[in-house]
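Everything below concerns the one structure shown next.
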Amino acid sequence: MTTTPSFSDKRAGDAAAATDSLHGRLRAISARRVRRDLLLGLLVLVPAALYPLVGSTFHVQLLTSGLITGLVAMSFSLLAGFSGMVSLAQMAFYGIAAYVVAIGGQTYGLPPLATVPLGLLAACLLAALFGLIAVRSSGIYFLIMTLALLQMFFGVAMQWQSVTGGYNGISGITRPELFGLSLRDAVPLYLLTLAVSALAYVGLRWLLQTPFGLSLQGIRDRPERMRALGFRVQLHRWLLMILSGLVAGMAGILGVYYHGVVSPDVAGLTASLLPLLAALVGGVSSLVGGLLGGIFITVLISVVSAQMQQWFNSSHYWTVIGIFFMAVVIYCPNGVFATDSRIRVLLARALGRRGGDDADTAQQRR
Amino acid sequence: MTAALQLHGITRQFGGVTAVSNVDLRLEPGERCALLGPNGAGKTTLFNVIAGDITPSSGRIELFGEDVTRHTVAARVWRGLRRTYQKSALFDQLSVAENLFLGALGPGGRGHLTVTHGLTAQRQRWRVVERTADRVGLADRLMTPAHALSHGERRQLEIGLALGQESRLILLDEPAAGLSPDERTTLTELLKGLSRDSALVMIEHDMDMALALTERVVVLSDGALVAEGTPDQIADDPMVREVYLGAGGSA
């Protein structure tokens with residue numbers, strides 16, 4: 006560092022002391038990272054927002070649906086990647102938010118201004134309830150526990166005919182207006198979904214870089230040690246569960262407006278596996294991976310099913326998707342976008358860059 | 005003066021096996037005590053009981069004059085108790101600085117959530133991190149991920165995690181496990197240099213190291229306290245030799 010004579014020597018000295026301290030150094034690093042990510046984010050967000058200008062309605066709808074799946078995948082990754090809780094219950098949170106909006110709107114004629122917050126609240130409450138039961142267990146037991154809770158939700162949605170409409174669910178849900186724009190059109194709904202996804206992502210990213218986020222990562226890697234350091238491990242897990250319920254609930258509300266119907270199938274096993282696969286493709290240890298994975302898998306299923314229909318007159322597209330997932334697990338076990346992903350390494354090599362160096366990986370987990 | 009730690013008749017049974025049997029122990033603030041004994045003597049079980057991982061079958065535990073027998077692990081930590089593990093339990097994916105930050109955050113946070121942690125508090129925590137890193141000789145490794153540390157450095161970080169904030173009693177479970185003679189010397193110096201604000205209880209198989217670091221030695225055999233005294237007394241005690249070397253070992 007060069008020393009320039011200055012009249013405000015004291016202030017300059019303070020600034021130097023601040024940057025020399027560990028806290029200052031870390032803040033400088035994180036500020037650099039924020040700037041880099043902001044730039045990257047804009048590079049993705051701006052073209053995404055402009056896409057409807059060139060894309061067809063069908064493709065815009067496909068992207069909307071992909072983002073909705075991506076939001077659920079992100080809520081899954083939040084639990085799995087940052088606290089080690091592999092939850093199959095995310096679609097129950099999606100489902101209850103969707104049902105509350107549908108029932109509130111259709112049965113009671115409430116405006117979206119009331120039903121949307123109620124839906125989010127319901128998703129949080131259900132996650133809080135599930136969490137009370139599930140956070141006591143971990144690993145495979147947590148997974149089974151959340152599966153059981155999902156099935157219970159499915160059962161209630163199916164059986165409670167008078168409220169949920171049973172097997173057929175509730176249909177004919179109309180999309181509201183927002184800022185004078187009717188969400189009935191594909192483009193405004195797409196932009197809203199994009200904005201919600203981006204905000205949810207930024208919010209979670211912010212949260213994960215707070216001491217709370219660091220605690221969560223500690224809990225993911227060594228819950229016992231965290232307990233021995235005086236952390237309330239289960240309380241942290243429980244709060245994260247509620248947060249993930251909130252994110253899944255956002256997806257549920259967007260989903261119910263997108264589809265215009267909600268039925269017990271939203272919490273069925275097939276529907277619940279979709280976000281899980283999306284998170285897997287994107288890599289569970291990254292949040293943005295879930296979003297991208299959601300779009301990826303939605304597009305993939307759409308393309309594969311159309312081609313299967315065209316070439317073989319067959320609707321068995323899951324076979325092909327299954328093969329694809331085997332390849333992902335073998336070649337990119339940490340997700341297609343992870344630093345150790347073969348695809349990313351190949352891409353980086355093609356672009357003439359190194360595949361991420363060691364010093365950086367400690368910082369890149371988020 | 006209130007004792008840092010006081011055990012009253014601590015017993016712990018696993019099924020028919022008595023791992024710890026009627027142990028009484030009093031430790032003054034700032035005192036350094038070695039816990040010796042052959043494998044299976046119940047040393048780690050006793051640590052687990054003190055730390056709160058295991059509840060005693062009978063007996064009472066007091067920390068700084070307060071009965072904590074029924075307290076959770078976390079509640080004991082907030083009262084100043086820390087421990088390290090025989091096998092390093094670090095956050096491998098986090099950097100040394102982040103590891104130490106968690107070590108300072110947990111106890112200092114009193115279990116509160118720290119989502120909106122004031123900047124002043126954060127800055128102060130990071131200063132604790134720097135100080136701790138300095139104390140355990142990892143000041144120039146702050147940004148290194150824990151998985152990239154050498155075994156010796158990992159043992160140092162293991163201790164650093166326990167120093168954290170406001171520690172008053174530290175249980176060290178074989179701090180030198182698996183270290184080379186050189187690394188052992190480094191660690192001994194490091195432990196010698198720790199402040200007297202905290203009392204220390206140390207399980208250590210290396211007699212020389214244990215005797216060099218402590219002013220009192222307690223010997224456990226088959227779960228029971230069989231000898232107690234200064235390092236010199238213990239080193240000459242024929243009973244201890246027998247416990248360690250088997251019958252006739254003094255010959």
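Chains A and B, in that order, give the protein sequences.
For what it's worth, the working numbering labels the leading residue of the first sequence as 6, then goes sequentially.
For what it's worth, the working numbering labels the leading residue of the second sequence as 5, then goes sequentially.
Every residue gets a Cβ at the ideal spot worked out from N, C-alpha and C, and that includes glycine.
For a test of the three-state rule: what should DSSP assign to residue i, helix, strand or coil?
i, result
"Pro216 of chain A", "helix"
"Val221 of chain B", "strand"
"Arg227 of chain A", "coil"
"Gln10 of chain B", "strand"
"Ile207 of chain B", "strand"
"Arg36 of chain B", "strand"
"Leu31 of chain B", "strand"
"Arg200 of chain B", "coil"
"Arg64 of chain B", "strand"
"Leu154 of chain B", "The question names Leu, but residue 154 of chain B in the sequence shown is Ser. Ser154 of chain B: coil per DSSP, three-state reduction."
"Ser307 of chain A", "helix"
"Val267 of chain A", "strand"
"Ile175 of chain A", "strand"
"Pro122 of chain A", "helix"
"Thr366 of chain A", "Any reading at Thr366 of chain A must be qualified, since the residue scores a pLDDT of 39, below 50, and its modelled position is unreliable; no value is offered."
"Asp71 of chain B", "strand"
"Cys337 of chain A", "coil"
"Gln95 of chain A", "helix"
"Gly170 of chain A", "coil"
"Ala79 of chain B", "helix"
"Ile58 of chain B", "coil"
"Ala181 of chain B", "coil"
"Ala255 of chain B", "Note that Ala255 of chain B has pLDDT 35, beneath the 50 cutoff, so the model's placement of it is unreliable and no number is given."
"Val140 of chain A", "coil"
"Phe342 of chain A", "coil"
"Leu142 of chain B", "coil"
Assuming residue i contacts residue j (C-beta within less than 8 Å), just tell me the rounded distance between them.
i, j, result
"Gly63 of chain B", "Leu11 of chain B", "7 Å"
"Gly69 of chain B", "Ser171 of chain B", "In fact, because the Cβ distance is near 17 Å, the residues do not count as touching under 8 Å."
"Glu35 of chain B", "Glu219 of chain B", "7 Å"
"Ala162 of chain A", "Gly100 of chain A", "7 Å"
"Lys196 of chain B", "Leu173 of chain B", "Actually they are not in contact, since the Cβ atoms of Lys196 of chain B and Leu173 of chain B sit about 18 Å apart, beyond 8 Å."
"Pro269 of chain A", "Gly185 of chain A", "That belief does not hold up - the Cβ atoms of Pro269 of chain A and Gly185 of chain A are roughly 35 Å apart, past 8 Å."
"Ile14 of chain B", "Val21 of chain B", "About 15 Å; that fails the 8 Å criterion."
"Gly107 of chain B", "Val81 of chain B", "Incorrect: roughly 11 Å between the Cβ atoms, too far for contact."
"Leu84 of chain A", "Ser249 of chain A", "5 Å"
"Ser69 of chain A", "Tyr263 of chain A", "First, the residue type needs correcting, since residue 69 of chain A is Thr and not Ser in the sequence shown. With a Cβ gap of about 6 Å, Thr69 of chain A and Tyr263 of chain A count as contacting."
"Ile178 of chain A", "Val266 of chain A", "7 Å"
"Met79 of chain A", "Gly260 of chain A", "Met79 of chain A to Gly260 of chain A, Cβ: 14 Å. No contact."
Among the residues of its own chain, which have a CB less than 6 Å from the CB of residue i, if the five just before and after it don't count?
i, result
"Lys15 of chain A", "Below a pLDDT of 50, predicted positions are generally treated as unreliable, and Lys15 of chain A, at 42, falls in that range; the measurement from the model is reported next regardless. Result list for Lys15 of chain A: empty, nothing under 6 Å."
"Ala256 of chain A", "Ile73, Leu76, Val77, Tyr99"
"Gln239 of chain A", "Val140"
"Leu175 of chain B", "Phe51, Arg87, Val205"
"Thr62 of chain A", "Ala191"
"Arg145 of chain B", "Val100"
If I follow the unbroken beta strand (DSSP E) through residue i, where does it start and stop?
i, result
"Glu232 of chain B", "228-233"
For the alpha helix (DSSP H) that residue i lies in, which residues bound it at each end?
i, result
"Leu278 of chain A", "274-287"
"Asp186 of chain B", "185-196"
"Ile34 of chain A", "27-55"
"Asn318 of chain A", "Here Asn318 of chain A belongs to no alpha helix (DSSP H), and DSSP marks it neither H nor E."
"Lys47 of chain B", "47-55"
"Gln97 of chain B", "That residue, Gln97 of chain B, is in no alpha helix (DSSP H); it is neither H nor E in DSSP."
"Thr151 of chain A", "145-164"
"Ser290 of chain A", "Here Ser290 of chain A belongs to no alpha helix (DSSP H), and DSSP marks it neither H nor E."
"Thr69 of chain A", "62-88"
Tell me which residues share the same chain as residue i and place their Cβ nearer than 8 Å to its Cβ, disregarding the 5 neighbours each side in the sequence.
i, result
"Asn103 of chain B", "Leu94, Phe95, Ala150, Leu161, Gly164, Leu165"
"Ser320 of chain A", "Ser310, Met313, Gln314"
"Gly233 of chain B", "Arg220, Val221, Asp241"
"Thr48 of chain B", "Gln90, Asp177, Ile207"
"Thr275 of chain A", "none"
Closer than 6 Å to a non-hydrogen atom of the ligand ATP - does that hold for the CB of residue i?
i, result
"Thr124 of chain B", "The ligand ATP is not part of the structure shown, which contains no ligands of any sort."
Strictly by DSSP, which residues pair up with residue i?
i, result
"Arg86 of chain B", "B:Ile174"
"Val24 of chain B", "B:Arg16"
"Ser187 of chain A", "A:Glu182"
"Pro149 of chain B", "B:Ser99"
Can you list, in chain order, the residues of its chain with a C-beta nearer than 7 Å to that of residue i? Leave out the 5 residues immediately preceding and following it.
i, result
"Leu123 of chain A", "Val105, Gly109"
"Thr148 of chain B", "Ser99, Val100"
"Val309 of chain A", "Tyr322, Val325, Ile326"
"Thr6 of chain B", "Phe68, Gly69"
"Val304 of chain A", "Leu67, Gly71"
"Pro181 of chain A", "Pro117, Leu188"
"Leu155 of chain A", "Leu93, Ala94, Met96, Ala97, Ala272, Ser277"
"Ile238 of chain B", "Val221, Val223, Ala231, Val244"
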